[in-house]
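One line per chain: the protein sequences are A and B, in this order. Take the position in the first sequence, starting the count at 1, then add 5; the result is the number in the working numbering. Take the position in the second sequence, starting the count at 1, then add 12; the result is the number in the working numbering. Even glycine gets a Cβ: it sits at the ideal position worked out from N, Cα and C. Below: one structure, written as structure tokens.
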Amino acid sequence: MADKKSDVVTSAGSAVSRPDRLQNPGFEPEHKRVHDESPERARGAERGISLLFALSGILSAAAFTLNFIFPIVPGDLLSTRYNNMFVGLAIAAGLLCLGVGAVHWAKALMHGHELVEERHTTRGDDATRARAVEIFQEANKESGWTRRRLLRNSLIGALVAMPIPAIALLRDLAPAGTLEEKLVHTMWEKGVRLTRDPNGVPIKASDVTIGSAFHVIPENIIGLEEGFLNEKAKSAVLLMRLPLDALNEAEDRKGWSYDGIVAYSKICTHVGCPVALYEQQTHHLLCPCHQSQFDVANHCAVIFGPAARPLPQLPIAVDAEGYLVAQSDFLEPVGPSYWERIR
Amino acid sequence: MSRTVNRKGRRHPLSSLVLILVGLFVSGGAYAAVTGTASAADAPVSASQIEDGKKLFASNCASCHGLSAQGSAAGPSLIGAGALSVEFQVGSGRMPMSGSGPQAEKKPVQFTQPEIDAMAAWVASLAPGPAVPEASSLAGGDPSNGAELFRVNCAMCHNVAGAGGALTEGKWAPSLRNIDPVHVYAAMVTGPQNMPVFSDMNITPAEKNDIIAYLKFLDENPSVGGMDLGALGPVSEGLFVWIFALGGLVAITIWLSAKSN
Numbered sequence: 006m007a008d009k010k011s012d013v014v015t016s017a018g019s020a021v022s023r024p025d026r027l028q029n030p031g032f033e034p035e036h037k038r039v040h041d042e043s044p045e046r047a048r049g050a051e052r053g054i055s056l057l058f059a060l061s062g063i064l065s066a067a068a069f070t071l072n073f074i075f076p077i078v079p080g081d082l083l084s085t086r087y088n089n090m091f092v093g094l095a096i097a098a099g100l101l102c103l104g105v106g107a108v109h110w111a112k113a114l115m116h117g118h119e120l121v122e123e124r125h126t127t128r129g130d131d132a133t134r135a136r137a138v139e140i141f142q143e144a145n146k147e148s149g150w151t152r153r154r155l156l157r158n159s160l161i162g163a164l165v166a167m168p169i170p171a172i173a174l175l176r177d178l179a180p181a182g183t184l185e186e187k188l189v190h191t192m193w194e195k196g197v198r199l200t201r202d203p204n205g206v207p208i209k210a211s212d213v214t215i216g217s218a219f220h221v222i223p224e225n226i227i228g229l230e231e232g233f234l235n236e237k238a239k240s241a242v243l244l245m246r247l248p249l250d251a252l253n254e255a256e257d258r259k260g261w262s263y264d265g266i267v268a269y270s271k272i273c274t275h276v277g278c279p280v281a282l283y284e285q286q287t288h289h290l291l292c293p294c295h296q297s298q299f300d301v302a303n304h305c306a307v308i309f310g311p312a313a314r315p316l317p318q319l320p321i322a323v324d325a326e327g328y329l330v331a332q333s334d335f336l337e338p339v340g341p342s343y344w345e346r347i348r
Numbered sequence: 013m014s015r016t017v018n019r020k021g022r023r024h025p026l027s028s029l030v031l032i033l034v035g036l037f038v039s040g041g042a043y044a045a046v047t048g049t050a051s052a053a054d055a056p057v058s059a060s061q062i063e064d065g066k067k068l069f070a071s072n073c074a075s076c077h078g079l080s081a082q083g084s085a086a087g088p089s090l091i092g093a094g095a096l097s098v099e100f101q102v103g104s105g106r107m108p109m110s111g112s113g114p115q116a117e118k119k120p121v122q123f124t125q126p127e128i129d130a131m132a133a134w135v136a137s138l139a140p141g142p143a144v145p146e147a148s149s150l151a152g153g154d155p156s157n158g159a160e161l162f163r164v165n166c167a168m169c170h171n172v173a174g175a176g177g178a179l180t181e182g183k184w185a186p187s188l189r190n191i192d193p194v195h196v197y198a199a200m201v202t203g204p205q206n207m208p209v210f211s212d213m214n215i216t217p218a219e220k221n222d223i224i225a226y227l228k229f230l231d232e233n234p235s236v237g238g239m240d241l242g243a244l245g246p247v248s249e250g251l252f253v254w255i256f257a258l259g260g261l262v263a264i265t266i267w268l269s270a271k272s273n
């Protein structure tokens, strides 16, 4: 125990260091490379490396030439492919030759002895440290930072107040409108016709044969100048017709379908991918992103995967001319969950 | 004894082989000529063709679909399925199924075209259903409009480059590369297996031609981005990068840090 205590050396700082019991073994004897011992091999390596550099130069020139041999012809996509491929390969091979040559030069021909660079201590010497403290004290005395407290505190106050406008400015970067408008409502409303994506042709109930799947957008979205994609992302609907005996409808939703035709939001309730992989025999919908599965025959109940809620159903009806129309907007927000969602 | 002498004396030893070959060529050529004309002709459905189809159906399909195609627990009713369904299912080798499974697999076609036509004629004679269109009517579509329709209606299952993709519980959407245009058309009209139906009111015949033209464009034009690695997306591309790009980096790192001899 006493022996151990005597090992501890207390330095000028607070750190405690122990002397290293291992002796520095020094370097291994220098390893001679073949190029150090045989001048012919060294000349051979030199020739090889200069050949690599020459090849690199040739390839760079070739890349320049290939750009004209395989020009990009507007309208011909394949010409772009060949241009990119050949020019890119030549540039890459040229760079590779340059790099391999440089590394080989360093490894084979440059001086191979090992050396150690000692690490310097980071602590400044006492005179430097004392001078630094002196500079701070001098600045304090000359500016009156601790003496003129009113000046100092008012400056700090002004600096604290400065970022306040940014709060308002950054807040205004968020889309305008209330949450209610942005997330709860879509373009569907009473009497809006269901139309085919992308051409906007309205759909008659008689068009939807059993086993069909229609990709649907609302009639009033056609020609929308502003925010078309945002509105489409919220109001995209998948329309399917199931045999009547396959469809199990809740009592309060019996009036939402028409003769086996049902319409559901295409936006997954998990993270909002379009759910459109419809299997017409099992009546299952698969989301391709995270494999959530919804059972169309049972109000799109989640039967597998990470989605938390069924897909929202769009209540539909038929107008006087036989076209499918919405009875109202979705009765719950479409898409993924968010904090302020009511349920 | 005299017969053996005769044979040895008058006929060359290989003459029987030659005779068999000549006979095979003649009968095969005649058969090809007959079948060639049969499929090239506009094929007005004859009573004998329907009768042939009924017999073929009874011996090959009826164990699952029932003797009068009324369906059973093992297979659906084919009444009203139409000639087009038969052309798709049998002509692509999916039917007859080799075994029960999540989905009928594509196999080498089991019947000749006249046999398929006969079965199609019999199924079509049971009840009205979609007919097989003329192959010439499926040409001349606009591939760019077809591409847009494909992205909206087909790409979620079949992949935007038509490479196919996985569905639930072992089912899959098959690759659409190098498919007979009649079968592409038939799949849209009849909705085979779990594929939804895309009737003419949903995708018009002209739009169907556009989609066929887009698929043909994909078949005929190589990927402009270079090797498409099966066009399967991030899985195959990621695997390629992890193996070859990272492997190359590891090899270079080992070389850089190794001592020169």
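Run down chain A in chain order and give the residues with a C-beta less than 9 Å from the C-beta of residue i.
| i | result |
| --- | --- |
| Thr-180(B) | Leu-282, Glu-284, Thr-287, His-289, Leu-291, Gln-296, Gln-298 and Phe-309 |
| Asn-206(B) | Tyr-283, Glu-284, Gln-285, Gln-286, Thr-287 and His-289 |
| Leu-268(B) | Val-108 and Lys-112 |
If we ignore side chains and look at the alpha-carbon of each, how far apart do residue i and residue j end up?
| i | j | result |
| --- | --- | --- |
| Ser-235(B) | His-116(A) | 50 Å |
| Lys-112(A) | Ala-97(A) | 22 Å |
| Ala-67(A) | Phe-75(A) | 12 Å |
| Ser-272(B) | Asp-41(A) | 11 Å |
| Met-239(B) | Ile-128(B) | 38 Å |
| Ser-270(A) | Glu-345(A) | 20 Å |
| Ala-313(A) | Val-301(A) | 16 Å |
| Leu-160(A) | Val-138(A) | 24 Å |
| Gly-203(B) | Lys-118(B) | 16 Å |
| Leu-56(A) | Arg-38(A) | 21 Å |
| Trp-254(B) | Gly-260(B) | 10 Å |
| Leu-150(B) | Val-194(B) | 7 Å |
| His-109(A) | Val-247(B) | 37 Å |
| Glu-181(B) | Pro-114(B) | 7 Å |
| Tyr-263(A) | Ser-211(B) | 18 Å |
| Val-330(A) | Val-197(A) | 5 Å |
| Glu-231(A) | Ile-223(B) | 30 Å |
| Leu-291(A) | Phe-309(A) | 9 Å |
| Ala-52(B) | Val-121(B) | For Ala-52(B), the pLDDT reaches just 37, beneath the cut-off of 50, and the residue's location in the model is therefore unreliable, although a value from the coordinates is still provided. Taking the straight line joining both Cα atoms gives about 19 Å. |
| Thr-49(B) | Pro-145(B) | Low local confidence applies: a pLDDT of 39 at Thr-49(B) is under 50, so the model's placement there is unreliable, with the coordinate-based value given in what follows. Taking the straight line joining both Cα atoms gives about 18 Å. |
Residues of chain B with CB under 9 Å from residue i, in chain order?
| i | result |
| --- | --- |
| Arg-198(A) | Simply none; closest approach about 15 Å. |
| Gly-268(A) | The displayed chain sequence assigns Ala, not Gly, to residue 268(A). Near Ala-268(A) there are no residues of chain B at all, since even the closest Cβ is about 14 Å away, more than 9 Å. |
Our contact map puts residue i next to residue j with C-beta atoms below 8 Å; I'd like the distance itself, whole angstroms only.
| i | j | result |
| --- | --- | --- |
| Pro-168(A) | Tyr-328(A) | Going by Cβ atoms, the distance from Pro-168(A) to Tyr-328(A) rounds to 56 Å, so no, they are not a contact pair. |
| Val-102(B) | Phe-123(B) | 6 Å |
| Ile-62(B) | Ala-139(B) | Their Cβ separation, rounded to whole angstroms, is 13 Å, which puts Ile-62(B) and Ala-139(B) out of contact at 8 Å. |
| Cys-305(A) | Pro-293(A) | Incorrect: roughly 16 Å between the Cβ atoms, too far for contact. |
| Gly-141(B) | Gly-78(B) | Contact doesn't hold; Cβ gap of about 17 Å is too wide. |
| Asn-131(B) | Gly-65(B) | Per the sequence presented here, residue 131(B) reads as Met, with Asn not at that position. Between Gly-65(B) and Met-131(B) the Cβ distance is about 4 Å, and since that is below 8 Å, they are a contact. |
With distance defined between alpha-carbon atoms, name the residue in the options nearest to residue i.
| i | options | result |
| --- | --- | --- |
| Pro-223(A) | Gly-340(A), Ala-171(A), Thr-191(A) and Ser-211(A) | Thr-191(A) |
| Gly-265(A) | Val-339(A), Leu-291(A), Val-213(A) and Glu-119(A) | Val-213(A) |
| Ala-4(A) | Ile-272(A), Gly-310(A) and Arg-258(A) | This structure cannot settle anything about residue 4(A), because the visible part of chain A is limited to 6 through 348. |
| Val-189(A) | Phe-32(A), Leu-27(A) and Pro-317(A) | Pro-317(A) |
| Arg-246(A) | Gln-296(A), Phe-58(A) and Ala-218(A) | Ala-218(A) |
| Cys-102(A) | Glu-119(A), Glu-51(A), Ala-59(A) and Gly-216(A) | Ala-59(A) |
| Leu-230(B) | Gly-158(B), Pro-246(B) and Pro-108(B) | Gly-158(B) |
| Ala-263(B) | Arg-152(A), Val-105(A) and Leu-234(A) | Val-105(A) |
| Gln-285(A) | Ser-148(B), Ala-175(B), Gln-205(B) and Thr-216(B) | Gln-205(B) |
| Leu-96(B) | Ala-143(B), Thr-216(B), Ser-156(B) and Ala-185(B) | Ala-143(B) |
| Asp-334(A) | Ser-240(A), Gln-298(A) and Gly-340(A) | Ser-240(A) |
| Thr-353(A) | Lys-183(B), Ser-110(B) and Ser-89(B) | Beyond the ends of chain A as shown, which are 6 and 348, falls residue 353(A); an answer cannot be given. |
Name the chain B residues that come within less than 8 Å of residue i, Cβ to Cβ?
| i | result |
| --- | --- |
| Pro-279(A) | Met-168 |
| His-36(A) | Lys-271 |
Name the chain B residues that come within less than 7 Å of residue i, Cβ to Cβ?
| i | result |
| --- | --- |
| Pro-203(A) | Glu-160 and Val-164 |
| Phe-219(A) | Asn-214 |
Applying the criterion that 16 or more other CB atoms from any shown protein chain within 10 Å of the CB defines a buried residue, is residue i buried or exposed?
| i | result |
| --- | --- |
| His-125(A) | exposed |
| Thr-151(A) | exposed |
| Val-46(B) | Annotation note: pLDDT 47 at Val-46(B) (below 50); position unreliable, coordinate value reported separately. Exposed, because fewer than 16 other Cβ atoms sit within 10 Å of the Cβ of Val-46(B). |
| Thr-16(B) | At Thr-16(B) the pLDDT is 45, less than 50, meaning the model places this residue with poor confidence and gives no usable figure here. |
| His-220(A) | buried |
| His-36(A) | exposed |
| Asn-235(A) | exposed |
| Asn-158(A) | exposed |
Any beta-carbon of chain C closer than 8 Å to the one on residue i?
| i | result |
| --- | --- |
| Gly-228(A) | Any reference to chain C falls outside this structure, whose protein chains are A and B. |
Could you list which residues in chain A have their beta carbon closer than 7 Å to that of residue i, in chain order?
| i | result |
| --- | --- |
| Val-236(B) | Leu-82, Leu-83, Thr-85 and Arg-86 |
| Gly-203(B) | Gly-216 and Gln-285 |
Show which residues of chain A have a CB atom less than 8 Å away from the CB atom of residue i.
| i | result |
| --- | --- |
| Val-209(B) | Thr-214, Ile-215, Gly-216, Ser-217, Ala-218 and Gln-285 |
| Lys-183(B) | Glu-284 |
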